[in-house]
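Worksheet: one structure, shown below.
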Amino acid sequence: MTEADAERKMQFLFALRSRGVRDTRVLEAMEKIDRGIFMTGVFAERAYEDMPLPIPCGQTISQPSVVGLMTQALEVTPRDKVLEIGTGSGYQAAILSQLARRVYTVERHRRLTQAAETVFRELGLSNITAITADGSRGYPEQAPFERILVTAAAEDPPGPLLAQMKVGGIMVLPVGQSDAVQHLIKVRRTETGYEYEELRSVRFVPLVEGLGQDERS
Ligand code: SAH
11 MTEADAERKM QFLFALRSRG VRDTRVLEAM EKIDRGIFMT GVFAERAYED
61 MPLPIPCGQT ISQPSVVGLM TQALEVTPRD KVLEIGTGSG YQAAILSQLA
111 RRVYTVERHR RLTQAAETVF RELGLSNITA ITADGSRGYP EQAPFERILV
161 TAAAEDPPGP LLAQMKVGGI MVLPVGQSDA VQHLIKVRRT ETGYEYEELR
211 SVRFVPLVEG LGQDERS
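Residues 11 to 227 in this note's numbering are what the sequence shown spells out, letter by letter.
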C-alpha cells in the first residue's frame, strides 16, 4: 500500500467513526473489504468518499457510513445465516460475509448479480450465495434467517420477509416512499410478535417487484 492509500484508508475509517460506526468488528470488516473493487469506471476513484455512487442498471452503491450503521444495527454474530435484499454492487454483502456464517443476497438485475459474483470469487468470499430473483418475496428456500438486511425501500416491511425471520431475529430496512423521506427501521421478532424501532432518516432506491427488464424475456 502506498502512503497515499494508507492516508485515504485512515480518512475513510475516521469518517465512519465520526458518523457513529463504533462496532469494532464492523470497522475491521470495512477496513478489510476495499469498496473500490465493487465499482467501475470514473467513480472507482471516489470509492473512499462517504457518498452513495452510481453503479450499472441505474442503481447506487450505498454511502459507506450508512452501510456501517445498518450493519452495526443488525448485530450479526458468527453463527448467523443472513439474507440481504438488493445485492447491487455486492459491497454490503461482502461486509456481511466477514461477520456472518453464511450470506444469501438477492438482486432483481441479473447483470448486477453476475458482476457481484465475479468480485466475490476474486476476493475468495466463499460464504456468499448470490441469487437473481424478486427479493420482495424473500428467499423461502433457505428461510428462516437470523438476520435480514434490505437495501432498497418499500412502503412497509414486506410480509414474506417478516415471515422468514427467526424468532429472536433482527431485520433492518428502509421504509417509506422513494421520493419522500424514508426511515431506517429495526424489527425484532419475539415469541409473540414483532417490535419496531426507528433509527434515522435515509434515502434508498425503491424496492421494485419482479425481475429487471433485461431478464424477463
Ligand atoms: N446493497 C447494495 C446497494 C444496493 S441499491 C450495495 O452494497 O451496493 C438497491 C438494489 O436493490 C438495486 O441493485 C436494485 O436493483 C435492488 N432491488 C430493488 N428491488 C429489488 C427486489 N424486489 N428484489 C431484489 N433486488 C431489488
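Here a beta-carbon is modelled for each residue, glycine too, at the ideal position from N, C-alpha and C.
Check	Outcome
Beta-bridge partners of R198, as assigned by DSSP	I180 and E205
Own chain residues within Cβ distance below 7 Å of Q8, not counting five before or after	This structure cannot settle anything about residue 8, because the visible part of the chain is limited to 11 through 227.
The stretch 101–113 touching the stretch 132–146, judged by at least three CB pairs closer than 8 Å	yes
Entirely enclosed beta strand (DSSP E) segments - the stretch 80–143, minimum 3 residues	91–95, 112–117 and 138–142
Cβ-based neighbour list, R56, same chain, cut-off 7 Å, excluding 5 preceding and 5 following	L63
Local conformation of L26 per DSSP, three classes	helix
Cα-Cα separation, D60 to T202	39 Å
Nearest candidate by alpha-carbon position, reference G30, set L79, G68 and G51	L79
Residues bridged to Q174 [DSSP beta-bridge criterion]	Answer is none; Q174 lacks a bridge partner.
Buried versus exposed call for S146 [16 or more other C-beta atoms within 10 Å across all chains shown]	buried
Backbone secondary structure at Q21 - three-state DSSP	helix
Assigned exposure category for S28 - 16 Cβ within 10 Å defines buried	exposed
Which listed residue (L23, V52, G51 and G46) has its alpha carbon closest to that of E38	L23
Sequence-distant residues of the same chain with beta carbon closer than 8 Å to K19, five excluded per side	M11, E41 and Y58
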